[in-house]
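Laid out in structure tokens, this is it:
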């Protein structure tokens, strides 16, 4: 579950750039549990969307291939104070999220057209995957990788 104050940008990124399918969307509500774990006002609203990869794999759907987005709909919530931090380097405890894809060139093209910062792109050291490292709208680093059966020349 990715908690974000940039809900619309985050949803657009995962849906429109990465090609994730929306499985469920609660439309926004005032959950009591939100205030227990997120620094937000008692009358604050959260919106939860669950997405799933669109890739087809020979062995069937990949278990656990879902991404949840929990968006704070009030950008003035205390939890949203530091959402525009200038330092893009990962802090201690930061996350690099690996995601297997099957259409890297299309994803990179869409990311560039939306102004998404690409950190690194190219074959992995083993040359069995093609990797792209990029930031999502929240500063989370994603490692997209496309698997190849034979080494990339």
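Residue numbers (my numbering): 1111 to 1263. Think of the CB as a built atom: it goes at the ideal place given N, C-alpha and C, for glycine as much as any other residue.
If you ignore the 5 residues before and after residue 1183, its C-beta comes within less than 8 Å of the C-beta of 1117, 1138, 1154, 1155, 1156 and 1157, all in its own chain and listed in chain order.
Residue pairing by DSSP puts residue 1135 in a beta bridge opposite 1159. Take the alpha-carbon of residue 1236 and the one of residue 1255: they are about 12 Å apart. If the five residues before and after residue 1231 are omitted, its C-beta is found closer than 6 Å to the C-beta atoms of 1242, all from its own chain and listed in chain order. Residue nearest to residue 1216 within the set 1113, 1115, 1127 and 1111 is 1127 (criterion: CA-CA distance). The C-beta of residue 1133 has fewer than 16 other C-beta atoms within 10 Å across all chains shown, which makes the residue exposed. No Cβ-Cβ contact shorter than 8 Å links residue 1209 with residue 1121. Apart from sequence neighbours up to five positions away, the residues of its chain that approach residue 1247 with a beta-carbon distance below 6 Å are 1116, 1119, 1120 and 1123, ordered along the chain.
In terms of Cα proximity to residue 1244, the closest of 1113, 1185, 1262 and 1205 is 1205.
Within the model, the alpha-carbon separation for residue 1240 versus residue 1152 is close to 45 Å.
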